[in-house]
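One structure below.
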Amino acid sequence: MKNNYTLLLLLAAIICLGIQCKKDDDSYAKELAKLPPYTKKGYNTFGCLINGKAFPQNSEGYHQTQWYYYNGDLFINYSTQFNTFDVNQSITIRTNKIHAEGTFLIDPVLGEDQFTVITGGEDRFYSSILFQNPLERRAAITITRLDSINHIISGTFAFKARAIQSDKEVSVEQGRFDLFYQ
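According to this note's numbering, the residues represented by the sequence shown are 13 to 194, in order.
Listed below in structure tokens is the structure:
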């Protein structure tokens with residue numbers, strides 16, 4: 013009888029774990045569906061997951077996007093403000109190492125590269141010398157289209173960032189951009 017009871021508890025635990033994983037997968041898929049599609053046509057789109065949540069969250073509020081590409085120097089900043097009571101949320105990517113299509117693992121150097129996230133309030137996260145291990149602070153950028161004739165740069169990105177004031181970290185993944193530059 014004891015074995016049947018133990019077996020029943022074990023089976024119930026496995027079923028509960030399976031349900032929880034399914035819910036997490038569904039939540040991740042829903043957030044991923046909020047991002048713009050991967051494109052390479054200069055549609056001026058941008059999006060990513062920050063700690064598993066879509067950024068930007070929705071089209072409401074004020075959205076400001078700034079970007080440029082010139083001679084290997086890529087700068088992208090996307091900021092949102094939903095109302096006068098909410099604080100800005102933003103993400104910034106800046107590097108001077110993009111000269112061709114391909115995948116680049118960039119070890120951010122202070123003054124040259126910037127991968128930052130502002131999630132609201134006083135939380136500002138930086139991917140730089142705040143990580144002791146160089147592998148943790150690397151940013152990955154894949155340029156899928158770099159077209160100097162039509163002025164289009166498209167790609168994907170992912171990185172981790174850490175707060176100066178604390179040990180809090182954010183994970184940026186599934187990032188994508190498709191930009192027309194002047």
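Even for Gly, the Cβ is constructed at its ideal location relative to N, Cα and C.
Self-check item: Neighbour-count burial assignment, L117, 16 or more Cβ in a 10 Å radius
Solution: In this structure L117 is exposed. Its beta-carbon is surrounded by fewer than 16 other beta-carbon atoms within 10 angstroms.
Quiz item: Is the CB-CB distance between L158 and T57 below 9 angstroms?
Solution: Not closer than 9 angstroms, so no.
Exercise. Answer with buried or exposed for R174, where buried requires no fewer than 16 other C-beta atoms within 10 angstroms of its C-beta.
Key: Result: buried.
Quiz item: Which of the three DSSP states, helix, strand or coil, is assigned to L47?
Solution: It is coil, neither helix nor strand.
Quiz item: What residues match up with H75 in a beta bridge as DSSP calls it?
Solution: BP columns for H75 point to T92.
Quiz item: What is the residue span of the beta strand (DSSP E) that K65 lies within?
Solution: Here the beta strand (DSSP E) through K65 covers K65 to F67.
Quiz item: Does the separation of the CB atoms of T115 and I164 fall below 9 angstroms?
Solution: No, these two residues do not count as a Cβ contact at 9 angstroms.
Exercise. Using alpha carbons as the reference points, say which of F169, D179 and C60 lies closest to P48.
Key: Comparing Cα-Cα distances from P48 to each of F169, D179 and C60, the minimum goes to C60.
Quiz prompt | CB contact flag (Y80, Q186, <9 angstroms) | solution = Going by C-beta atoms, Y80 is not nearer than 9 angstroms to Q186.
Quiz item: Do you know how far the Cα of N89 is from the Cα of D184?
Solution: The displayed chain sequence assigns Val, not Asp, to residue 184. Roughly 14 angstroms separates the two Cα atoms.
Quiz item: If you compare alpha carbons, which of T51, S39, Y82 and I62 is closest to I161?
Solution: The candidate whose alpha carbon is nearest that of I161 is Y82.
Exercise. Return the first residue and the last residue of the beta strand (DSSP E) that G187 is part of.
Key: In the DSSP annotation of this structure, the continuous segment of the beta strand (DSSP E) that includes G187 starts and ends at E181 to F192.
Quiz item: What's the C-alpha gap between Y74 and D179?
Solution: Whole-angstrom Cα-Cα distance: 30 angstroms.
Quiz item: In terms of alpha-carbon separation, which member of V129, Q177 and I176 lies closest to I62?
Solution: It is V129.
Quiz item: Short check: CB of R188 to CB of F169, under 9 angstroms?
Solution: Yes, these two residues count as a Cβ contact at 9 angstroms.
Quiz item: According to DSSP, what are the bridge partners of R136?
Solution: The partner list for R136 (beta bridge, DSSP) reads I130.
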